[in-house]
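Chemist: This structure is in structure tokens; I'll ask about it shortly.
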Amino acid sequence: MATGTVKWFNNAKGFGFICPEGEDGDVFAHYSTIQMDGYRTLKAGQQVTFEVE
70 MATGTVKWFN
80 NAKGFGFICP
90 EGEDGDVFAH
100 YSTIQMDGYR
110 TLKAGQQVTF
120 EVE
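Now the structure itself:
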């Protein structure tokens, strides 16, 4: 699993981008892939772990 920081996430559109640690470029994040209970969202600056498919 990779780690990174949420760059931004738009709740209305259901997507945003993550800045991976130690890598260039951003990773697209869609709300349907967020694994959490309740309302699935991310906040700018939040530390996350993720897998790229």
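If you use our numbering, the sequence shown corresponds to residues 70 to 122, in order. Even for Gly, the Cβ is constructed at its ideal location relative to N, Cα and C.
Name the DSSP beta bridge partners of Val-121, please?
Modeler: Bridge partners of Val-121: none, in fact.
Chemist: Taking C-beta to C-beta, are Gly-114 and Ala-98 nearer than 8 Å?
Modeler: no
Chemist: Are Gln-116 and Thr-72 touching if we call contact CB-CB under 8 Å?
Modeler: Result yes, Cβ atoms of Gln-116 and Thr-72 sit closer than 8 Å.
Chemist: Compute the beta-carbon to beta-carbon distance between Thr-110 and Asn-80, rounded to the nearest angstrom, for a pair I have assumed lies under 8 Å.
Modeler: A Cβ-Cβ separation of about 5 Å places Thr-110 in contact with Asn-80 under the 8 Å criterion.
Chemist: Sort out for me which residues DSSP pairs Thr-102 with in a bridge.
Modeler: Paired residues: none, contrary to the question.
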